[in-house]
Amino acid sequence: MANHQTDEQKIIQVVKSLFKNPCTFVAGAQNVERIPQYPFPEVAFWGRSNVGKSSLLNGLIGTTVARTSNTPGRTQQLNFFNLADRLILVDMPGYGFANVPLKIKYSWEELIAAYLEARDQLKCLYLLIDARHGFKDNDIEMMNYLNQIGCIYQVVVTKADKISLAAHPKLKEAMEETLKSHGAALPSVILTSAERKQGMHELQQSIAKVL
Ligand SMILES: Nc1nc2c(ncn2[C@@H]2O[C@H](COP(=O)(O)OP(=O)(O)OP(=O)(O)O)[C@@H](O)[C@H]2O)c(=O)[nH]1
Ligand SMILES: [Mg+2]
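At position 148 of the sequence shown the residue is numbered 185 (the numbering used here), and the sequence of numbers has no breaks.
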């Protein structure tokens, strides 16, 4: 029988079959030499320290594999998680954390640049922005860098529960306007709250699309 599935139906099916699987921590890389290789597509989560990268990753897969904390600078290496031998999810150290000693800051920058600039299997970088703050100067700096190296990224707003529901459409619209001048950014913004499990399905669909 002919397969008459639309693209949308295919994506829904990928989401259903992918995200029901257990996800396991497979490696942590503190330096360039330790960045592992897997024969699977990959997506990574980046953003300012404490923006909610590890929480979002947990929300997405429905368990707590990634460590979260109130204290900025919790994730200090690239952490690799394997979802059913079909997708690798990468939890990255954040930027903009003032209390990191310079030597460590430079070693994280070196690690992140080596990763982002040479990772062929990285299908999409998810750049997280705190709903309360919007784009900060250092976010824009990182976005300019991503444009420069041609790394495609999807902006995801985190902690949407911290602002009023009425403010959501305006924030989304303003951010999408900013993204028009950033060539490597996907045009639409995804609003999420890991706390309230909001936006997870949209994020899962976005991942299924890039696979
Ligand atoms: N209200 C609210 N709090 C959140 C949400 N997501 C994360 N948080 C809180 O924000 C803090 C930081 O979360 P993490 O997930 O550890 O943030 P991170 O970006 O991984 O931080 P680093 O690894 O330190 O860069 C924690 O206290 C979380 O509970 C959310 O959607 N809503
Ligand atoms: Mg973290």
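Every residue, glycine too, gets a C-beta built ideally from N, C-alpha and C.
Taking buried to mean at least 16 other C-beta atoms within 10 Å of its own C-beta, is residue i buried or exposed?
i: GLU70; result: exposed
i: SER91; result: buried
i: GLY96; result: buried
i: SER243; result: buried
i: LEU139; result: exposed
i: TYR11; result: Because residue 11 is not part of the residues shown, which for the chain are 38 to 248, the question remains open.
i: ALA155; result: exposed
i: SER218; result: exposed
i: THR195; result: buried
i: LEU202; result: exposed
i: ILE98; result: buried
i: GLU79; result: buried
i: ALA222; result: buried
i: ASP44; result: exposed
i: GLN258; result: For residue 258 there is no data in the structure shown, the boundaries of the chain being 38 and 248.
i: VAL125; result: The amino acid occupying residue 125 in the given sequence is Ile; Val does not appear at that position. Result: buried.
i: ASN87; result: buried
i: ILE186; result: exposed
i: GLN241; result: buried
i: ALA245; result: buried
i: ILE149; result: buried
Where does residue i fall in DSSP's three states?
i: LEU183; result: helix
i: ILE166; result: strand
i: THR229; result: coil
i: ALA103; result: coil
i: ASN175; result: helix
i: TYR75; result: coil
i: ILE244; result: helix
i: GLY65; result: strand
i: LEU159; result: strand
i: THR43; result: coil
i: ASP51; result: Looking at the sequence itself, residue 51 is Val, so the reference to Asp does not match. In this structure, VAL51 counts as helix in the three-state DSSP scheme.
i: ALA221; result: coil
Practice task
Count the CB pairs spanning the segment 106-120 and the segment 50-67 that are closer than 8 angstroms, and state whether there are at least three.
Solution key: Short answer: they touch.
Exercise for the section: Would you be able to state if there are at least three C-beta pairs under 8 angstroms between the segment 76-85 and the segment 127-134? Expected result: These segments touch.
Problem - Touching by the beta-carbon criterion (3+ pairs, under 8 angstroms), the segment 167-184 and the segment 205-215 - result: Contact check between the segment 167-184 and the segment 205-215: three or more CB pairs, one atom from each, fall below 8 angstroms, which counts as touching.
Exercise for the section: Mind listing, in chain order, the continuous beta strand (DSSP E) runs of no fewer than 3 residues lying wholly within the segment 90-140? Expected result: Complete beta strand (DSSP E) runs here, min 3: 115-120, 124-128.
Exercise for the section: Check whether the segment 45-61 touches the segment 225-242, counting contact only when three or more Cβ pairs, one atom from each stretch, lie closer than 8 angstroms. Expected result: In this structure the segment 45-61 touches the segment 225-242; the number of beta carbon pairs closer than 8 angstroms is three or more.
Practice task
Check whether the segment 182-200 touches the segment 223-235, taking contact to mean three or more Cβ pairs, one atom from each stretch, closer than 8 angstroms.
Solution key: Note that the segment 182-200 touches the segment 223-235; at least 3 beta-carbon pairs, one per stretch, sit closer than 8 angstroms.
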